[in-house]
Amino acid sequence: MEGRKSRSLSWTLPLWYAFFGACHEFAHLLTAVILGLGRDVWVEGITTVLGRALIERHCVLPGLEDSNASDFNVGVVRHIGWFFSVLLAFGVARTAIPTSKEVRFASFVTALEALSTDLFSLNVLPILTKINSSGSISSVLFCGNFGIILLHQAWLSDNGKSAMDILERMIKVTMMRGAQSGGVVTFQPLKNSLRGMRSRVVNKKRTDLSVLVRKEVERDAIRSVSRPFPESFVQSFSGHTRFATSSKASLDGTHPHLWTPASNRRLYNFSVRRSGPHQYMPETTKVENYITHNGDFDFYIVNGQTFDLEVIQKWLPVVTGFPMPSSVDSCAVAGVIDLLRTQGCFGLSARCAICFGLSTSKMEEELFSFPTYEQFEQIGLVFEEAMDVMLQTTTFSTLCDDPNMRHSFSLCVLSKLKPHRVSLLQPIQRYICDEEEGGANLLSFCLCTINAFFDNDLLMATTTFLKNAKGSFGLCVTSSIDAHRQICLAARGQT
1 MEGRKSRSLS
11 WTLPLWYAFF
21 GACHEFAHLL
31 TAVILGLGRD
41 VWVEGITTVL
51 GRALIERHCV
61 LPGLEDSNAS
71 DFNVGVVRHI
81 GWFFSVLLAF
91 GVARTAIPTS
101 KEVRFASFVT
111 ALEALSTDLF
121 SLNVLPILTK
131 INSSGSISSV
141 LFCGNFGIIL
151 LHQAWLSDNG
161 KSAMDILERM
171 IKVTMMRGAQ
181 SGGVVTFQPL
191 KNSLRGMRSR
201 VVNKKRTDLS
211 VLVRKEVERD
221 AIRSVSRPFP
231 ESFVQSFSGH
241 TRFATSSKAS
251 LDGTHPHLWT
261 PASNRRLYNF
271 SVRRSGPHQY
281 MPETTKVENY
291 ITHNGDFDFY
301 IVNGQTFDLE
311 VIQKWLPVVT
321 GFPMPSSVDS
331 CAVAGVIDLL
341 RTQGCFGLSA
351 RCAICFGLST
361 SKMEEELFSF
371 PTYEQFEQIG
381 LVFEEAMDVM
391 LQTTTFSTLC
401 DDPNMRHSFS
411 LCVLSKLKPH
421 RVSLLQPIQR
431 YICDEEEGGA
441 NLLSFCLCTI
451 NAFFDNDLLM
461 ATTTFLKNAK
471 GSFGLCVTSS
481 IDAHRQICLA
491 ARGQT
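For the sequence shown, full-length UniProt numbering begins at 1 and goes up steadily by one.
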C-alpha cells in the first residue's frame, strides 16, 4: 500500500511543475501591468494567456516593445521572475507546513530555470517540455521578421501550397509580437533583372492576419506569375508583422518598406565574373530595394555628426528625388539603403559619394536642391568611358581588387572630368570646391565613387548602415539586383 501511495504521489509532479511555472509567469505579467507595460496582454484571450503560462511556460508582453518603455522597467519585469521563483522555492523549503517531495522538487527546478533564463539569459530546456521555460526575455520579446528561402523550385510544384503552409505558420508565430498588419516581398525573374512583388495587408477586427497575408501572397506572387522559373533560381519570401507602437496601423506603415520605386539604372552585372575588355558592359536594369525592420531607427552619423530621424526624413526626399512613402521610422531605413547599395552602377555610386563619402557630406535639414539622378548618371558615363580605357591594359578583376589600380582609375576619371568642370560638374560644385583648386576634393570624389562602385553590394550597404545608425535593429534587406543570390539578415540591440 505504501509503495502504491508513493507512485500515485509522483503523478502530482507535473501538476506542481505547471503550477510553479504559471506563478512565475504571472509575476512577470503582474509587474508589467503595475509598471504600465501591460498593453495588449489579454488581447489573445484569457484562455490563451493561461494556457501559455501553464503549458508553454512563457508569456507575451507587447508593451515591452513600446518606444517609451524604459530599460529600467523592462529590466524589472525580467528580473522579477527569477526573484519571485527563488523566494517561492525558499518559502516552500522553509515552511512549517508539511509538503511533499514533489512540491519541493517542482519549486526548486522552476527556480533554477528562472535563474538560468531570466538572470543569466541561458536557453535551458525544462524537464517536461521542449519550449523555453520560465518567461525568459527571449520568450517575452519576439522579432517581427520572418521568411523562407526556397533552394529548389520543387517547393512550388504544388502551386506553392507547401511553401505557403510554412509561411502561414511562421506568421502565426510572429503575430505574438504584433498582429495589426503584415506583408511579404518576393522576386520574379525577368529577362535581365528581377521584379519585386510586395503583398501587404492591415488586419481587421475579426480576421486572422496569417490567413490574410497568405491569400495576398498567393494572389500576387504565386497565381499571377508565369512559371516555371529557371531551375537554378533561388526564391525567397521575406516578411514582417507589426504592432504600431508609434503610429496607427496603416498600409503605408506596413512592412516590407520600399523608398525608391523600381527605377531604371545603368548597371554592370557583378554576379558573373567575365574576361576580356568588352565582356563587362552596362545594361539598363530596374532596381528596387526592400527592408523589414523590427526596432527603432533614431539617428544616423555622417562625418562624426549625428542627425536625428526628423532631419533624415526631411533630407531623404531631396537626395533621392522621391517623396517619403511613410512617416514610420523603418521606411527611412529603406531610403538610406537606397543610397548605400550602389555596386555596379556609377550613377548611384557618385550620388553615394556626395551623400556620405566626402568631408563636405552631411544630412541637411534645410536642403532645398540637390543634383538629380539624371545628372549623376551623366557623370557616371565619364566613369564608364574611363573604365573602358583602363580595361585595355588590365582586367576587370585586377581593377576591382587592386587599390593601386583603383587609384590609377580615379586619375583617369579626373583627367576626363576636368574639361567638363563648368557644365557636367556644376550640380555637385558646392561639395567639391572647398579647397583652393578643387582638384584634391575632386580626386577624392572620383576615388570614393569608384570604391562604392566596386564594394557597395548588399552586405556592405547593410554593414555600413548598422555601423552608423543608432537605435535597435532586427533587419532583413533584399534587392532586385541580388535577390537570386544574396539576402542580408542583421540584428543589433535586439533580444
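Don't be surprised by glycine CBs; every beta carbon is placed ideally from N, CA and C.
Can you list, in chain order, the residues of its chain with a C-beta nearer than 6 Å to that of residue i? Leave out the 5 residues immediately preceding and following it.
i    : result
G357 : C448
V60  : M176
I222 : G160
A249 : Q180, S181, V202
H240 : G144, N145, H255, T292
L212 : V201
Which residues share a DSSP beta bridge with residue i?
i    : result
P189 : L194
C488 : V477
R265 : T285
L150 : Q235
H257 : I291
S199 : V184
Q305 : V302
K470 : F299
R242 : S181
R145 : Correcting the residue identity first, residue 145 is Asn in this sequence and not Arg. Looking at the DSSP assignment, N145 forms a beta bridge with H240.
Nearest CA to the CA of residue i: which residue from the options?
i           : options                : result
E168        : Q153, F396, S157, V184 : V184
N192        : F90, K286, P256, S107  : K286
F105        : S116, T117, V92        : V92
L119        : G147, A491, F84, R94   : F84
residue 497 : R198, Q180, S263       : Any property of residue 497 remains undetermined from this structure, which presents the chain solely from 1 to 495.
S369        : L424, H484, A114, P317 : P317
E113        : V86, F243, G335        : V86
residue 550 : S415, H407, L424       : Residue 550 lies beyond the range of the chain shown here (1 to 495); nothing can be said about it.
H24         : L37, F108, H255, E231  : F108
D401        : A452, E364, M164       : A452
E374        : S479, I428, W82, M363  : I428
F20         : H58, I337, R214        : H58
F396        : F454, T260, L212, E218 : F454
A27         : R242, H79, H484        : H79
P14         : V389, W82, E102        : E102
A350        : P419, E364, T320, M324 : T320
L22         : G75, W82, Q426         : Here the sequence assigns Ala to residue 22, which means Leu is not the residue at that position. With distances taken between Cα atoms, A22 lies closest to W82.
Within 10 Å of its beta-carbon, does residue i have 16 or more other beta-carbons around it, so buried, or fewer, so exposed?
i           : result
I487        : buried
residue 538 : Outside the shown range of the chain (1 to 495) lies residue 538, about which nothing can therefore be said.
M281        : exposed
L258        : buried
residue 496 : With the chain running from 1 to 495 in the structure shown, residue 496 is simply not present.
L50         : exposed
V422        : exposed
I137        : For I137, the pLDDT reaches just 35, beneath the cut-off of 50, and the residue's location in the model is therefore unreliable, although a value from the coordinates is still provided. By the neighbour-count rule (16 or more Cβ atoms within 10 Å), I137 is buried.
F409        : buried
E288        : buried
V140        : At V140 the pLDDT is 38, less than 50, meaning the model places this residue with poor confidence; the figure from the coordinates comes in the next sentence. Flag for V140 reads buried.
L475        : buried
G253        : buried
A353        : buried
residue 539 : Outside the displayed range of the chain (1 to 495) lies residue 539, so it cannot be described from this structure.
V344        : Note that residue 344 is Gly in the sequence shown here, rather than Val. It is buried - the Cβ of G344 has at least 16 other Cβ atoms within 10 Å.
T306        : exposed
G45         : exposed
Q188        : buried
F465        : buried
I337        : buried
V328        : buried
R52         : buried
W94         : It is Arg, not Trp, that sits at residue 94 in the sequence shown. Exposed.
S157        : exposed
In chain order, what residues of the same chain lie with their CB nearer than 7 Å to the CB of residue i, ignoring the 5 residues before and after it?
i    : result
L348 : R265, T342
D220 : M197, S199
A332 : F297, L309, I312, Q313, L316
G438 : Reliability fails at G438, whose pLDDT of 42 lies under 50, so the model's placement of it is uncertain and no value is given.
N73  : L35, L37
T394 : M405
L414 : L442, L443, C446
N303 : S359, S361, K362
F376 : G347, A350, R351
Measuring only from the beta carbon, is residue i closer than 6 Å to any heavy atom that is part of the ligand GDP?
i    : result
L112 : Ligands are entirely absent from the displayed structure, and the ligand GDP is therefore not among its contents.
Could you pull out every residue in the same chain whose Cβ sits closer than 8 Å to the Cβ of residue i, ignoring the five residues on either side in sequence?
i    : result
P261 : E288, F322
R236 : Correcting the residue identity first, residue 236 is Ser in this sequence and not Arg. Here the set comprises G147, I148, I149, L150, T186, F187, T478, A483, I487.
F233 : Q153, P189, H484
H420 : V382
TODO: At 4 residues or longer, and completely inside the segment 438–466: list those alpha helix (DSSP H) runs for me, N to C.
DONE: 439–455
- [ ] Could you name each continuous alpha helix (DSSP H) segment of 4 residues or more that falls completely within the segment 76–123, going from the start of the chain to the end?
- [x] 101–114
Task: Residue ranges of each beta strand (DSSP E) within the segment 349–381, 3 or longer - done: none
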